[in-house]
Amino acid sequence: MAVPRIQRGKHDDCNATLFDDVFAAFRLACAQQQYSVAEHLLAALEQLAGDNHRMLDEVYLSFASTCPAGNALSDSTVPRAR
Numbered sequence: 005m006a007v008p009r010i011q012r013g014k015h016d017d018c019n020a021t022l023f024d025d026v027f028a029a030f031r032l033a034c035a036q037q038q039y040s041v042a043e044h045l046l047a048a049l050e051q052l053a054g055d056n057h058r059m060l061d062e063v064y065l066s067f068a069s070t071c072p073a074g075n076a077l078s079d080s081t082v083p084r085a086r
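In this note's numbering, the protein residues as written are 5 to 86.
As structure tokens, this is what we get:
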């Protein structure tokens, strides 16, 4: 399954490629409803992106569009409104 590359800021090529590869795995985990795996991949993506929030915009959008409500990441990592 071909995964399009996303544009990013001033990350080096190695980090950009790693981000893209982890992002592809994240989307696949969401598509296969492997949410515990997706949770770990999301943490890795957040670490790789650092302060570059634009890199994460597409990740969160992808998550919101592929993961049905109620089946999102575990309660321990997702804060709930009270």
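We put the beta carbon where it would ideally sit given N, CA and C, even for glycine.
From the DSSP output, in three-state form, read off residue i for me.
i	result
Q87	Residue 87 lies beyond the residue range present for the chain, which begins at 5 and ends at 86; the question has no answer from this structure.
Going by beta carbon distance, what residues of the same chain come within less than 8 Å of residue i, once the five residues before and after it are set aside?
i	result
L60	L49, E50, A53
A33	Y39, V41, A42, L45
Does the Cβ of residue i have 16 or more other Cβ atoms within 10 Å, making it buried, or fewer, making it exposed?
i	result
R31	buried
R86	Low local confidence applies: a pLDDT of 44 at R86 is under 50, so the model's placement there is unreliable, with the coordinate-based value given in what follows. Its Cβ having fewer than 16 others within 10 Å, R86 is exposed.
Please indicate yes or no: does the CB of residue i lie closer than 8 Å to some heavy atom of the ligand FMN?
i	result
A20	No copy of the ligand FMN occurs in the structure displayed, which carries no ligand at all.
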